[in-house]
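Just below is one structure, and these are the notes that go with it.
Numbering (the numbering used here), first residue to last: 44 to 390.
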């Protein structure tokens, strides 16, 4: 590794450390897990997380290794998130953010505020992440999506090893129906949350009843999501949970345009060979009516398709920046957010 290769990860690590310092020194009740475990542990955690972000920036900047490290880091976040939840439930409440539990599925980010008309911290964090990094939530930052991604990769490998034509048929079906299905799921989730909110009544017994009912609906939604991952994503190699069932993914798909980052096709370079399409587990790429490549509903800017394109015809965009510079900036912002989420995000 030469000196130039050290500059980018060093900058990323320094920014992560600087952003974590206020989290260590300002709150009256420690937010960093290291500080909760022992005095001064927060500073140790800052060093460890910034070092981790250095490593991630080093290996995610090259396109050739980005997909592997993206999925590794994403799964690591999932394991940390649910691992701390398990320790908080079966061990000590210090492993929980507030000591108050809710079902840890992304749908609660949408349904929770509609049902309670309160608990705005997570939605604010969610929308802030979208403004900063577009749809990176669905490819780097979601604590549940890594499971769907892992299942889809297993399915994609199986289809490539066998007959991939069935996967192509399913992908085309998803491309056609996904926009309608995902909006339908989002509307249903919001409608159920709103109905439960309106039916809570004023009596304590009625409120308790509908709180229990809301929890049962959330558990049912979670269970169906797991079945979709196991029975559809893992079988067909397409992230069916994230692209259809998850209402947060639908919100991200509409809200991502508030961010100045874009991911698009360089028409002057693209030959419409379509070699990039099988690399997209989000079913976000297809041919248009004229046979040209289009990036459509559900693209999360993950970049898995970049190395599949033999013509370098795909690029990130950020205002008037060159594609390479926009790509580096997006990777930096995404890694910084991921590292901060890893350090702080808990139930």
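C-beta: ideal position from N, C-alpha, C; glycine also.
Contact belief for residue i with residue j at Cβ below 8 Å, rounded distance in angstroms
i           : j           : result
residue 100 : residue 52  : 4 Å
residue 232 : residue 290 : 5 Å
residue 260 : residue 235 : 6 Å
residue 220 : residue 295 : So it is not a contact: roughly 19 Å between Cβ atoms.
residue 384 : residue 344 : With a Cβ gap of about 17 Å, residue 384 and residue 344 do not count as contacting.
residue 189 : residue 265 : Contact doesn't hold; Cβ gap of about 16 Å is too wide.
residue 256 : residue 241 : Contact flag wrong, Cβ pair sits at about 13 Å.
residue 88  : residue 386 : 6 Å
residue 191 : residue 272 : 5 Å
residue 371 : residue 104 : 7 Å
residue 175 : residue 376 : 6 Å
residue 313 : residue 354 : 6 Å
residue 157 : residue 237 : 6 Å
Residue i: first and last residue of the uninterrupted beta strand (DSSP E) it sits in
i           : result
residue 328 : 328 to 330
residue 370 : That residue, residue 370, is in no beta strand (DSSP E); its alpha helix (DSSP H) goes 366 to 387.
residue 306 : 304 to 308
Which of helix, strand or coil DSSP assigns to residue i
i           : result
residue 78  : helix
residue 158 : helix
residue 107 : helix
residue 336 : strand
residue 146 : coil
residue 343 : coil
residue 180 : helix
residue 314 : coil
residue 95  : helix
residue 325 : coil
residue 134 : coil
residue 72  : coil
residue 140 : coil
residue 187 : coil
residue 353 : coil
residue 83  : coil
residue 163 : coil
Contacting residues, own chain, Cβ-Cβ under 6 Å from residue i (five flanking each side not counted)
i           : result
residue 280 : 195, 198, 199, 202 and 210
residue 351 : 318, 319 and 322
residue 78  : 84 and 85
residue 382 : 59, 92 and 96
residue 309 : 356 and 358
residue 165 : 152
residue 127 : 138 and 389
residue 169 : 152
Where the alpha helix (DSSP H) through residue i begins and ends
i           : result
residue 360 : Run containing residue 360: none in the alpha helix (DSSP H); it sits in the beta strand (DSSP E), 357 to 361.
Beta-carbon proximity list for residue i, same chain, < 7 Å, skipping 5 on both sides
i           : result
residue 173 : 180, 295, 298, 299, 301 and 302
residue 335 : 315
residue 177 : 299, 302, 304 and 344
residue 282 : 191, 192, 195, 276, 324 and 325
residue 184 : 172, 380, 381 and 384
residue 340 : 221, 222, 296 and 327
residue 349 : 106 and 357
Own chain, CB closer than 8 Å to residue i, minus 5 neighbours either side, in chain order
i           : result
residue 366 : 309, 358, 359 and 360
residue 293 : 225, 226, 228 and 229
residue 258 : 146
residue 245 : Any reading at residue 245 must be qualified, since the residue scores a pLDDT of 49, below 50, and its modelled position is unreliable; the value itself is stated next. Nothing listed; no residue qualifies.
residue 48  : 101
Contact test: residue i Cβ vs the ligand SAM heavy atom, cutoff 7 Å
i           : result
residue 368 : The ligand content of the structure shown is nil, which means the ligand SAM is not present either.
Alpha helix (DSSP H) runs contained entirely in the region 214 to 298, provided each spans 4 or more residues:
247 to 271 and 290 to 298
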